[in-house]
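Written out below as structure tokens is the structure these notes cover.
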Amino acid sequence: MTTKSGKTVFVDCNDTLIAVRYANRNDTAPEGYRSIERDGQHYHVQARPSALAFVQALAEDGHDVVVLTGGSTRIQYLLLSLGGLNREIDEVIGFENSGKTEIPQNWVLVDDLQGGSTSFDEKLGMLGISRKRLGDKKYDELIAKRCIQCSSFKGGEDAHPLTGLLDDVRAKLAA
Numbered sequence: 329m330t331t332k333s334g335k336t337v338f339v340d341c342n343d344t345l346i347a348v349r350y351a352n353r354n355d356t357a358p359e360g361y362r363s364i365e366r367d368g369q370h371y372h373v374q375a376r377p378s379a380l381a382f383v384q385a386l387a388e389d390g391h392d393v394v395v396l397t398g399g400s401t402r403i404q405y406l407l408l409s410l411g412g413l414n415r416e417i418d419e420v421i422g423f424e425n426s427g428k429t430e431i432p433q434n435w436v437l438v439d440d441l442q443g444g445s446t447s448f449d450e451k452l453g454m455l456g457i458s459r460k461r462l463g464d465k466k467y468d469e470l471i472a473k474r475c476i477q478c479s480s481f482k483g484g485e486d487a488h489p490l491t492g493l494l495d496d497v498r499a500k501l502a503a
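Encoded structure:
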């Protein structure tokens, strides 16, 4: 992976940058959500209110912003676009292209999942990082050094804005 500054911020998509609700054809989108249908699936999407300012600040710092998602890359690009976030995103890594990305020397992952959970382990596995290969001690050290857990965003008010994590992201990238 070629980076602008040699520093990459991997950011989870669903429940971190955007809230996604799967819907039926005749469902009305809740207030603040936009609707879209792709391949017969209906989605209601709302960008986290602080998400755009967060990714813009990272881009202004010269960092690559890469969305890491267990979903389809194509659908996630579409949902990010619908949420108005696609312009500052350098890449989306989904299940189809996971494991094919070279991890830069200096990186951080921002995710609503708790480090050490099975889903979180799968997310790091997309980057080629394995608890089994590293061992528990090194894996826990890696999580402490490289990962930041944010609050989950399910839509509506952004009680814990992502912009409040910028100092933590910058500190971990500087370490």
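Numbering (my numbering), first residue to last: 329 to 503. Virtual Cβ for every residue (Gly too), placed ideally from N, Cα, C. The model shown is predicted, which means the values in this text are computed figures rather than measured ones.
message: So, at 7 Å on beta carbons, what are the nonlocal neighbours of Asp486 in its own chain, with the 5 sequence-adjacent residues on each side left out?
response: Arg376, Pro377, Ser378
query: With 16 other CB atoms within 10 Å as the buried threshold, where does Thr446 fall?
result: exposed
Glu365 and Thr401 closer than 7 Å at C-beta: no
query: Given a threshold of 16 other Cβ atoms within 10 Å of its Cβ, counted over all protein chains shown, does Ala347 qualify as buried or as exposed?
result: buried
message: Would you say the beta carbon of Glu424 is closer than 6 Å to some non-hydrogen atom of the ligand FMN?
response: The model depicted lacks the ligand FMN and carries no ligand whatsoever.
- request: Tell me whether Arg474 is buried or exposed, calling it buried when 16 or more other Cβ atoms sit within 10 Å of its Cβ.
  value: buried
- prompt: How far does the beta strand (DSSP E) with Leu437 in it reach, from first residue to last?
  reply: 434-439
field: Bounding residues of the alpha helix (DSSP H) (the contiguous stretch that carries Leu396)
entry: First-last for Leu396: 392-396, but that is the beta strand (DSSP E), not the alpha helix (DSSP H).
- request: Compute the Euclidean distance between the alpha carbons of Leu501 and Tyr350, then round it to the nearest angstrom.
  value: 35 Å
query: For the putative contact between Val383 and Glu416, defined by C-beta atoms under 8 Å, what is the C-beta separation to the nearest angstrom?
result: 4 Å
- request: Report the residue from Arg362, Phe448, Ile431 whose alpha carbon sits nearest the alpha carbon of Gly412.
  value: Arg362
field: Where Gln384 sits in the DSSP three-state scheme
entry: helix
message: For Lys482, tell me which candidate among Pro358, Val395, Leu410 has the shortest Cα-Cα distance.
response: Pro358
query: Expressed to the nearest angstrom, what Euclidean distance is found between the alpha-carbon atoms of Gly453 and Asn414?
result: 24 Å
Segment limits, beta strand (DSSP E) that includes Phe338: 335-340
- prompt: By DSSP, does Ile457 sit in helix, in strand, or in coil?
  reply: coil
query: What did DSSP end up calling Ala499 once you bin it into helix, strand or coil?
result: helix
message: Using a Cβ distance threshold of 8 Å, determine whether the segment 459-469 contacts the segment 422-436, with at least three qualifying pairs required.
response: no
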